[in-house]
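Read through the structure below, which is laid out as structure tokens, and then see the notes.
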Amino acid sequence: MHRDEPPRGGDLRHVRLLVIDDDPQALPLVEMALADAHFERTVEVVPTAAAGLPKIKADAHDVYVVDHRLPDGTGIGLIHEAKEAGIDKPFILITGHGSGALDEAALREGAADYVEKHLLGTHLERAIRYALRDWQTNRALRDREERLRHAQKMEGIGRLAGGVAHDFNNLLTAIIGFTDLIIERLDPLDAVADDVREIRKAADRAAALTRQLLAFSRRQFMEPRVLDINEVVTGLIRMLPRLIGEHIETTTRLAPHLGRIRADPSQMDQMLVNLVLNARDAMPAGGRLTVETANVDLDDEQVAAEGLTIEPGRYVMLAISDTGVGMDAAVRARAFEPFFTTKPKGKGTGLGLATVYGIVDQSGGAVTLDSEPGRGTTVRALLPVTTMRAGKDAHAEPPAALDGAGSEMLLLVEDNDSVRQVTAQTLRRRGYSVQEARNADEAIEWSRRTSRPPDLLVTDVMMPGMTGLQLAAQLTEERPGLRVLFISGYTDDLSVAHGQFPTSAPLLQKPFSPSQLAERVRFVLDLPARRT
Ligand SMILES: Nc1ncnc2c1ncn2[C@@H]1O[C@H](COP(=O)(O)OP(=O)(O)OP(=O)(O)O)[C@@H](O)[C@H]1O
Ligand SMILES: [Mg+2]
């Protein structure tokens, strides 16, 4: 589609006209008036208001041409009823004998235009074009407003959830940390150990929930890598039987030579699991789950037609379809809303699709939803194809076998007391010397007067005052060779959006367990020295 053509949805090269008029001459009159029109058309005629109203409510026409004098009512009355029913398509009132009063009344009821019958030949075609143009403009405006409102709502809820999750991650880091420290010291056969392990499991579940919150609020730290989404899907398929049970048949159609995307693999897992679980829940009596991937080349026309908020270009599509119960319009409209669920209390949190939305959005893509009651559901994620090559992101996984002990000097900066204490205790128990600081100022001050320079700075990212990033920049300047490990569970939109956070910086996400912490510390200390 070219830019100078009218926008899609309004690109009505083919106009569906409904004429409501009992005059047998109405159809030939309209046909004649439109003989030279630049648009193709289908014209349907009904003689009465009673026949017209259901057709209007079915909303299958683009323009209505309504005679004022109908056998069973007035044209204005009909327009009034149609508007009440929420029909926003344009109405053109026609009449044998016009009057200024009628013209005004038509306008008041929201008619797009008013044409006297003897003028149809010269005026109708133009009236239709203008009416459609206005309708398109209005609809585009309304769509934009609707999208904006939705974005603002998501933003507000996201901010709230992100804040809650931030606090939760600090609490959970302390709970998980201290619990693990207890478990390390207990005899595994001690009955108390079982109880403590239950605490630990509950904390893990809370951590998973917090991750969901952060994901949909788009405040989850992303560790993007160049990925083949087919591999992510294949990995998940192996888990499927356990996840969905055997009453559901699974088909996968994975496109060969699929473009690479840049996304966080654990977020991709999270997205897939959420979609698959929804499909499972929609098919209690069994059915078919289809997972499909494809390369798609989105052009302007498709982007506009689907109301997508992404740029035209190359995308990888991941579609999850089920043959389940489907959604009606009311559920469809709210499905992505956080905490919206139709599932019984205790069954669903309503965060599944909201999370999917957040993850895809944060990855630069878009989600579409196709669903009809009784017809099943398809959710499609479109993720932008990257030209980056695999291996460019420097987040190599630390090898799992490390026990994480050492004797180096560590400088630990964290404003949350319990997180700092549990972190320090974990590291000291593994042999490290740990200097604690509650903020950047304390850290800098200690670093300047210490006789034993730190080998590694372990710092929270978000702190009051100087951030972890700024602190790291300053300390590494004062002490070249100092290594840095960032810890955080939360980021504000800014650092994600503007890419402030160097993707090559080692980062440990909260909540973390003592062994994850120790492993990551050892890993960073063992990285080969960087030449500057
Ligand atoms: N595949 C599907 N088929 C039919 N309805 C669906 C499907 N996926 C989602 N829905 C509808 O959308 C609602 C919201 O889905 P969402 O995944 O956000 O939350 P949930 O599944 O209810 O709870 P949670 O995922 O947090 O456990 C669901 O309650 C359901 O009504
Ligand atoms: Mg769900």
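Okay, so the sequence shown: first residue is 85 according to the numbering used here, each after it adds one. Here a beta-carbon is modelled for each residue, glycine too, at the ideal position from N, C-alpha and C.
Check, Outcome
"Through-space distance from THR263 to ILE283, alpha-carbon basis", "7 Å"
"Local conformation of ILE443 per DSSP, three classes", "helix"
"Among ALA166, GLU124 and LEU373, nearest to ALA142 - alpha-carbon criterion", "ALA166"
"Where GLU498 falls, given that 16 or more other Cβ within 10 Å makes a residue buried", "buried"
"Nearest-angstrom beta carbon gap, ILE332 and GLY370 [assumed within contact, 8 Å]", "6 Å"
"LEU373 beta carbon near ligand 2 (any heavy atom closer than 7 Å)", "no"
"Other residues of its chain near ALA196: CB distance less than 7 Å, five sequence neighbours each side excluded", "PRO174, PHE175, ILE176, ALA215 and ASP218"
"Residue nearest to VAL451 in terms of C-alpha spacing, selected from GLY442, GLU200 and ILE104", "GLY442"
"GLY490 vs LEU609 beta-carbon contact at 8 Å", "yes"
"Cα-Cα separation, VAL103 to ALA135", "11 Å"
"Buried versus exposed, by CB contacts within 10 Å (16 or more), ASP539", "buried"
"Coarse secondary structure for ILE171, derived from DSSP in three states", "coil"
"Element boundaries [alpha helix (DSSP H), containing TYR516]", "TYR516 -> no alpha helix (DSSP H), and no H or E assigned at all."
"One or two residues paired with ASN379 in a DSSP bridge", "VAL400"
"Residues of its chain near HIS479, where Cβ-Cβ distance is below 6 Å and the 5 sequence neighbours each way are ignored", "Confidence in HIS479 is poor, its pLDDT being 43 and thus under 50, which makes the residue's placement too unreliable to answer from."
"For ASP544: DSSP bridge partner residues", "ILE571"
"Where the alpha helix (DSSP H) through VAL469 begins and ends", "Where VAL469 is concerned, there is no enclosing alpha helix (DSSP H), given that its DSSP letter is neither H nor E."
"Where the beta strand (DSSP E) through ARG125 begins and ends", "124 to 130"
"For ligand 2, residues whose Cβ lies under 5 Å from any non-hydrogen atom", "ASN362 and GLY436"
"Endpoints, the beta strand (DSSP E) within which ALA347 is located", "345 to 347"
"Alpha-carbon spacing of MET152 relative to LEU232, whole angstroms", "It should be pointed out that residue 152 corresponds to His in this sequence rather than to Met. The alpha-carbon atoms of HIS152 and LEU232 are separated by roughly 39 Å."
"Near ligand 1: THR452 beta-carbon under 7 Å from a heavy atom", "no"
"Residues of its chain near ALA133, where Cβ-Cβ distance is below 6 Å and the 5 sequence neighbours each way are ignored", "LEU154, ASP156, GLY157 and LEU162"
"Per DSSP, the bridge partner or partners of GLN593", "SER572"
"Cβ-based burial, VAL276 [other Cβ within 10 Å; buried from 16]", "exposed"
"Cβ shell of ALA378 (< 7 Å), same chain only, five flanking positions each side left out", "ALA339 and MET401"
"First and last residue of the uninterrupted alpha helix (DSSP H) at ASP610", "598 to 610"
"beta-carbon GLY408 near ligand 1 non-hydrogen atom, thresh 7 Å", "yes"
"7 Å CB neighbourhood of LEU392 in its chain, flanking five on each side removed", "ALA450"
"Contact check, ALA59 vs LEU435, beta carbons under 8 Å", "For residue 59 there is no data in the structure shown, the boundaries of the chain being 85 and 616."
"Alpha carbon of HIS582 to alpha carbon of GLU603, nearest angstrom", "Bear in mind that a pLDDT of 45 at HIS582, under 50, signals an unreliable position, so the number given afterwards is only what the model happens to contain. HIS582 and GLU603: Cα-Cα distance of roughly 30 Å."
"CB contact check: LEU111 to chain C, cutoff 8 Å", "Of the protein chains in the structure, only one exists, and it is not chain C."
"Any non-hydrogen atom of ligand 1 within 7 Å of THR461 CB", "yes"
"Nearest-angstrom Cα separation, counted from HIS145 out to VAL114", "16 Å"
"Reduced DSSP category for ASP218 - H, G, I as helix; E, B as strand; rest coil", "helix"
"Contact test: MET355 Cβ vs ligand 1 heavy atom, cutoff 7 Å", "no"
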